[in-house]
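Novice: In the UniProt record's numbering, the protein residues as written are 1 to 259.
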């Protein structure tokens with residue numbers, strides 16, 4: 001694995017939150033002496049510095065394919081990070097207290113992406129079981145979860161209960177007749193409102209009878225249409241003159257009295 005030293009140094013010292021940080025005693029690879037180092041855990045990378053205020057880390061341990069376990073050592077509260085393979089190095093660390101050791105072992109064991117992958121799979125399995133175990137009436141539903149459907153409002157539920165209309169409505173005298181759609185055998189409703197049918201479905205109100213227009217009313221309507229533009233022009237000219245007069249009076253008041 002190739003790592004960029006500058007990128008690692010920046011990531012180790014940047015302001016991103018750390019999963020764990022503190023002093024640990026690290027045993028040397030060649031010499032068995034322990035050295036006190038400042039450790040910072042970010043994601044699956046464990047950085048260690050000579051001092052807490054050091055600008056660059058001394059080294060980094062990538063926590064992938066490893067196991068964190070307690071070990072026997074001359075130093076108290078010791079634990080080891082072991083990697084698979086014969087030539088892989090084992091890192092022996094020691095904490096300053098029992099609580100610190102438990103905290104580090106827990107955080108280091110959960111730092112790898114393999115652990116996160118297992119957690120995600122377990123959560124997906126639990127979610128699938130919860131969806132299958134949701135009550136579907138009297139008992140649980142064993143069918144796989146279907147696509148999510150939004151909850152209908154009261155108006156939409158009312159529309160769903162309405163009977164389906166035919167493609168072409170029957171017409172009488174040029175207008176659609178609701179009574180033919182709902183069934184001609186039903187008794188007419190004289191209450192003045194739609195009401196409900198036998199299946200408790202809302203029935204639309206009856207269509208009022210079509211009134212024939214007399215010749216005099218049609219002629220007056222045509223005259224109104226013809227005179228409409230001229231009436232609008234007269235009103236436009238009248239109000240425009242009034243607006244111009246009011247604007248002139250306002251300008252004179254702004255100028256003040258003449259000397």
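Even glycine gets a Cβ: it sits at the ideal position worked out from N, Cα and C. Bear in mind that the values here come from a model prediction, so they are computed numbers and not experimental data.
Measure the alpha-carbon distance for residue 130 versus residue 94 and round it to whole angstroms.
Specialist: Position 130 of the chain shown holds residue 130. Position 94 of the chain shown holds residue 94. Each residue's Cα considered, the two are about 43 Å apart.
Novice: Kindly list the residues whose CB is nearer than 7 Å to the CB of residue 18, restricted to its own chain and excluding five residues on each side of it in sequence; keep chain order.
Specialist: As a position in the chain shown, residue 18 is number 18, starting the count at 1. Here the set comprises 40, 41 and 42.
Novice: If we ignore side chains and look at the alpha-carbon of each, how far apart do residue 236 and residue 246 end up?
Specialist: Working through the chain shown from its first residue, we reach residue 236 at position 236. Working through the chain shown from its first residue, we reach residue 246 at position 246. Roughly 15 Å separates the two Cα atoms.
Novice: Hey, would you say residue 70 sits closer than 8 Å to residue 79, going by beta carbons?
Specialist: For the purposes of this step, residue 70 is taken as residue 70 along the chain shown, with counting starting at 1. For the purposes of this step, residue 79 is taken as residue 79 along the chain shown, with counting starting at 1. Going by C-beta atoms, residue 70 is nearer than 8 Å to residue 79.
Novice: So, at 6 Å on beta carbons, what are the nonlocal neighbours of residue 141 in its own chain, with the 5 sequence-adjacent residues on each side left out?
Specialist: Taking the first residue of the chain shown as position 1, residue 141 is located at position 141. Low confidence applies here, because residue 141 scores a pLDDT of 47, under 50, leaving its location unreliable and the question unanswered by this model.
Novice: Considering only the alpha carbon of each residue, which of 44, 73 and 50 lies closest to residue 64?
Specialist: Here residue 64 corresponds to residue number 64 of the chain shown, with the count starting at 1. The residue with the shortest Cα to Cα distance from residue 64 is 44.
Novice: Taking the alpha-carbon positions, what's the residue 239 to residue 251 distance?
Specialist: Looking up residue 239 in the chain shown gives position 239. Looking up residue 251 in the chain shown gives position 251. Residue 239 and residue 251: Cα-Cα distance of roughly 18 Å.
Novice: Which same chain residues, not among the five before or five after residue 231, have their C-beta less than 7 Å away from its C-beta?
Specialist: Here the question's residue 231 lines up with position 231 in the chain shown. There are no such residues.
Novice: Just to confirm my understanding: we take residue 92, look at its own chain, exclude 5 residues before and 5 after, and list those with CB closer than 7 Å. What are they?
Specialist: The sequence position of residue 92 within the chain shown is 92, counting from 1. The residues are 27, 71, 73, 78 and 80.
Novice: Alpha carbon to alpha carbon, how far is residue 120 from residue 9?
Specialist: Looking up residue 120 in the chain shown gives position 120. Looking up residue 9 in the chain shown gives position 9. Approximately 30 Å, taken between the alpha carbons.
Novice: Output the distance between the C-alpha atoms of residue 47 and residue 57, rounded to the nearest integer angstrom.
Specialist: In the chain shown, the residue the question calls residue 47 occupies position 47. In the chain shown, the residue the question calls residue 57 occupies position 57. In a straight line, the C-alpha of residue 47 is about 6 Å away from that of residue 57.
Novice: With distances taken from CA atoms, which of 7, 75 and 21 is nearest residue 108?
Specialist: Taking the first residue of the chain shown as position 1, residue 108 is located at position 108. The shortest Cα separation from residue 108 among 7, 75 and 21 belongs to 21.
Novice: Among 30, 248, 97 and 115, which residue has its Cα nearest to the Cα of residue 68?
Specialist: By 1-based counting over the chain shown, the position of residue 68 is 68. Ranking the options by Cα distance to residue 68, first place goes to 115.
Novice: Compare the Cα-Cα distances from residue 75 to each of 96, 89, 87 and 85 and report the closest residue.
Specialist: Within the chain shown, the letter at position 75 stands for residue 75. Of the listed residues, the one whose Cα sits closest to residue 75 is 96.
Novice: Can you find a heavy atom of the ligand ZN that lies under 7 Å from the Cβ of residue 119?
Specialist: The ligand ZN is absent from the structure shown, which contains no ligand whatsoever.
Novice: Any idea which residues DSSP pairs residue 37 with across the strands?
Specialist: Locating residue 37 in the chain shown gives position 37, counting from the first residue. DSSP lists 24 as partners of residue 37.
Novice: State the CB to CB distance for the pair residue 55 and residue 13, rounded to an integer number of angstroms; the pair is presumed to be in contact (CB under 8 Å).
Specialist: By 1-based counting over the chain shown, the position of residue 55 is 55. By 1-based counting over the chain shown, the position of residue 13 is 13. Right, their Cβ atoms sit about 6 Å apart.
Novice: Within 10 angstroms of its Cβ, does residue 184 collect 16 or more other Cβ (buried), or is it exposed?
Specialist: Here residue 184 is taken as the residue at index 184 of the chain shown, counted from 1. In this prediction, residue 184 has a pLDDT of 45, which is less than 50 and means its spatial position is unreliable; nothing more can be read from the coordinates.
Novice: Closest by CA to residue 89, which one among 113, 102, 66 and 106?
Specialist: Along the chain shown, read from residue 1 onward, the residue named residue 89 stands at position 89. It is 66.
Novice: DSSP on residue 125, reduced to helix/strand/coil?
Specialist: Here residue 125 refers to the residue found at position 125 of the chain shown. If DSSP states are grouped into helix, strand and coil, residue 125 belongs with the helices.
Novice: Can you give the Cα-Cα distance for residue 266 and residue 99, rounded to whole angstroms?
Specialist: Residue 266 cannot be examined here, being either before or after the span of the chain that is shown, 1 to 259.
Novice: Put residue 69 into one of helix, strand or coil per three-state DSSP.
Specialist: Within the chain shown, numbered from 1, the residue matching residue 69 stands at position 69. Three-state result, residue 69: strand.
Novice: Using DSSP with H/G/I as helix, E/B as strand and the rest coil, what is residue 12?
Specialist: Within the chain shown, the letter at position 12 stands for residue 12. Note: residue 12 maps to helix in three-state DSSP.
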